[in-house]
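Chemist: Starting off with a structure, shown below.
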Amino acid sequence: TIEPAITFQILYQFLIDQIGEKLAKTRTFVTTSIKLGELLEIAKSNELEIFEVIESIGGRFSVLSSVGFFPLLFAKINVDEIIQGAIEAHKRYSTSSISQNLAYKYALFRFLMYKNFNYKTEILISYEPFLIYFNEWWKQLFGESEGKNLKGLFPASAIFTTDLHSLGQFIQDGSKNFFQTIIYIKKPKFDLGIKKLVQFNTKINKLSGKTVSEINFQAFLATTLAHSSYGNNPNLVLEIADSSPKTFGHL
Numbered sequence: 001t002i003e004p005a006i007t008f009q010i011l012y013q014f015l016i017d018q019i020g021e022k023l024a025k026t027r028t029f030v031t032t033s034i035k036l037g038e039l040l041e042i043a044k045s046n047e048l049e050i051f052e053v054i055e056s057i058g059g060r061f062s063v064l065s066s067v068g069f070f071p072l073l074f075a076k077i078n079v080d081e082i083i084q085g086a087i088e089a090h091k092r093y094s095t096s097s098i099s100q101n102l103a104y105k106y107a108l109f110r111f112l113m114y115k116n117f118n119y120k121t122e123i124l125i126s127y128e129p130f131l132i133y134f135n136e137w138w139k140q141l142f143g144e145s146e147g148k149n150l151k152g153l154f155p156a157s158a159i160f161t162t163d164l165h166s167l168g169q170f171i172q173d174g175s176k177n178f179f180q181t182i183i184y185i186k187k188p189k190f191d192l193g194i195k196k197l198v199q200f201n202t203k204i205n206k207l208s209g210k211t212v213s214e215i216n217f218q219a220f221l222a223t224t225l226a227h228s229s230y231g232n233n234p235n236l237v238l239e240i241a242d243s244s245p246k247t248f249g250h251l
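The sequence shown begins at 1 in full-length UniProt numbering and counts up by one.
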């Protein structure tokens with residue numbers, strides 16, 4: 001596709017400018033098909049290291065392959081834990097019992113919202129900024145899988161509380177053609193305590209002694225209540241234990 005081709009051209013030239021072409025070749029890795037493609041030809045002709053993309057894996061599913069794993073390793077994220085989480089999820093959600101299978105329940109909820117209640121849009125809402133690209137992947141996953149034959153839910157996403165300031169009013173009081181799926185992480189990886197600023201007035205210090213995650217949780221409760229009870233929007237909450245690589249792989 002054109003986006004990675006453009007990125008490759010820009011970054012490879014930058015690498016050459018910094019360390020020279022000879023060293024640039026030793027520090028360039030290509031994740032692509034080993035059967036065909038322009039990137040494959042470039043890699044072969046320049047003797048670049050190649051990591052295989054299995055032909056049967058579509059782009060939206062390639063996150064759990066060398067396509068996703070290689071950059072994750074550079075980010076020092078434990079890929080083994082991600083794989084373990086995915087394996088556990090596959091085992092857990094392979095049961096045919098809807099009552100015991102959360103993945104089936106989610107699929108059934110979406111189907112009923114679309115077919116029985118005529119909702120056309122699903123908004124995936126996350127309360128952790130680091131999930132922004134998980135949201136983007138989710139949109140690709142559902143958009144490419146379901147958007148066919150003039151059918152399917154339109155997948156949209158938002159990061160709260162940031163997007164509350166732009167979308168909150170519409171979600172609560174705007175047109176009612178959507179439902180919300182909310183991801184809430186009970187124990188985020190990072191948290192900050194708020195210290196009292198004695199040099200300022202008491203109003204700004206009302207939240208001193210709290211943590212950002214505590215405030216975020218209250219925002220989650222209040223917003224979900226407002227959008228469901230007062231805004232009359234269906235809400236499905238996916239409560240996640242933590243933000244570990246294993247949990248991410250499971251998700």
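The beta carbon of each residue, even a glycine, is placed where N, CA and C say it ideally should be.
I'd like to know whether the C-beta atoms of residue 159 and residue 240 end up nearer to each other than 8 Å.
Modeler: By 1-based counting over the sequence shown, the position of residue 159 is 159. By 1-based counting over the sequence shown, the position of residue 240 is 240. Not closer than 8 Å, so no.
Chemist: Express the C-alpha separation of residue 112 and residue 221 in angstroms, rounding to a whole number.
Modeler: Translated into the one-based positions of the sequence shown, residue 221 becomes position 221. Translated into the one-based positions of the sequence shown, residue 112 becomes position 112. Rounded to whole angstroms, residue 221 to residue 112 spans 25 Å at the Cα level.
Chemist: How should residue 126 be labelled, buried or exposed, when 16 other C-beta atoms within 10 angstroms of its C-beta is the threshold for buried?
Modeler: Here the question's residue 126 lines up with position 126 in the sequence shown. Buried, by the Cβ-count rule.
Chemist: Would you mind sorting residue 162 into buried or exposed? The rule is 16 or more other CB atoms within 10 Å of its CB.
Modeler: The residue you call residue 162 lines up with position 162 of the sequence shown. Residue 162 should be labelled exposed.
Chemist: Should the stretch 140 to 156 be regarded as contacting the stretch 187 to 199, the criterion being three or more beta carbon pairs within less than 8 Å?
Modeler: Contact between the stretch 140 to 156 and the stretch 187 to 199 is absent, because fewer than three Cβ pairs lie under 8 Å.
Chemist: Can you say whether residue 95 is buried or exposed, counting buried as having 16 or more other CB atoms within 10 angstroms of its CB?
Modeler: As a first step, residue 95 must be located in the sequence shown, where it is residue number 95. By the 10 Å Cβ count, residue 95 comes out exposed.
Chemist: Could you tell me if residue 171 is buried or exposed, where buried requires 16 or more neighbouring beta carbons within 10 angstroms of its beta carbon?
Modeler: Walking along the sequence shown from the start, residue 171 turns up at place 171. Counting Cβ neighbours within 10 Å, residue 171 comes out buried, since at least 16 surround it.
Chemist: Since residue 12 is in the alpha helix (DSSP H), which residue starts that stretch and which ends it?
Modeler: Counting from one through the sequence shown, the residue named residue 12 turns up at place 12. It spans 2 to 19 - the alpha helix (DSSP H) in which residue 12 sits, taken as one unbroken run.
Chemist: Can you tell me the Cβ-Cβ gap for residue 178 and residue 233, rounded? I've got them flagged as a contact below 8 Å.
Modeler: Taking the sequence shown and counting its residues from 1, one reaches residue 178 at position 178. Taking the sequence shown and counting its residues from 1, one reaches residue 233 at position 233. So it is a contact: roughly 7 Å between Cβ atoms.
Chemist: When you compare only the Cα positions, how much space is there between residue 288 and residue 60?
Modeler: No answer is possible for residue 288: it lies beyond the span of the chain, which begins at 1 and ends at 251.
Chemist: Going straight from the alpha carbon of residue 8 to that of residue 245, what length do you get?
Modeler: Walking along the sequence shown from the start, residue 8 turns up at place 8. Walking along the sequence shown from the start, residue 245 turns up at place 245. About 28 Å.
Chemist: Tell me the DSSP bridge mates of residue 235?
Modeler: Residue numbering aside, residue 235 sits at position 235 when the sequence shown is read from its first letter. According to DSSP, which records beta bridges pairwise, residue 235 is partnered with 180.
Chemist: Taking Cβ to Cβ, would you say residue 53 is nearer than 8 Å to residue 67?
Modeler: For this step, residue 53 is matched to residue 53 along the sequence shown. For this step, residue 67 is matched to residue 67 along the sequence shown. Contact flag set, yes.
Chemist: How far does the beta strand (DSSP E) with residue 162 in it reach, from first residue to last?
Modeler: Numbered from 1 along the sequence shown, position 162 holds the residue referred to as residue 162. Run containing residue 162: none; DSSP gives neither H nor E here.
Chemist: What does residue 49 pair with, by DSSP beta-bridge criteria?
Modeler: Position 49 of the sequence shown, counted from the start, is the residue given in the question as residue 49. Residue 49 is bridged to 29.
Chemist: Roughly how far, in whole angstroms, is the beta-carbon of residue 108 from the beta-carbon of residue 123, given that I think they are within contact range, below 8 Å?
Modeler: Taking the first residue of the sequence shown as position 1, residue 108 is located at position 108. Taking the first residue of the sequence shown as position 1, residue 123 is located at position 123. Not a contact, Cβ separation roughly 19 Å.
Chemist: Just the Cα atoms here: how many angstroms apart are residue 101 and residue 230?
Modeler: As a working mapping, residue 101 is identified with position 101 in the sequence shown. As a working mapping, residue 230 is identified with position 230 in the sequence shown. The straight-line gap from Cα to Cα measures roughly 30 Å.
Chemist: Would you mind working out which of 181, 149 and 31 sits nearest residue 105, comparing C-alpha positions?
Modeler: Reading the sequence shown from its first residue, position 105 is the one you call residue 105. Selected option, being the one with the closest Cα: 181.
Chemist: Helix, strand or coil, according to DSSP, for residue 242 in the structure here?
Modeler: To locate residue 242, count along the sequence shown from 1; it is residue 242. Strand, per DSSP.
Chemist: At the level of alpha carbons, what is the spacing between residue 228 and residue 191?
Modeler: Within the sequence shown, residue 228 is the residue found at index 228, counting from 1. Within the sequence shown, residue 191 is the residue found at index 191, counting from 1. Those two C-alpha atoms are separated by around 28 Å.
Chemist: Using a threshold of 8 Å, state whether the C-beta atoms of residue 261 and residue 224 are closer than that.
Modeler: A question about residue 261 goes unanswered here, because the residues of the chain that appear run from 1 up to 251.
Chemist: Mapping DSSP to helix, strand and coil, what is residue 85?
Modeler: The residue given as residue 85 occupies position 85 in the sequence shown. Residue 85: helix per DSSP, three-state reduction.
Chemist: On a CA-only basis, which of 147, 50, 189 and 25 is nearest residue 37? Give me that one, please.
Modeler: Position 37 of the sequence shown, counting from 1, holds the residue named residue 37. Considering only alpha carbons, the answer is 50.
Chemist: Run through the DSSP bridge pairs and tell me what residue 223 is partnered with.
Modeler: As a position in the sequence shown, residue 223 is number 223, starting the count at 1. The partner list for residue 223 (beta bridge, DSSP) is empty, contrary to what the question assumes.
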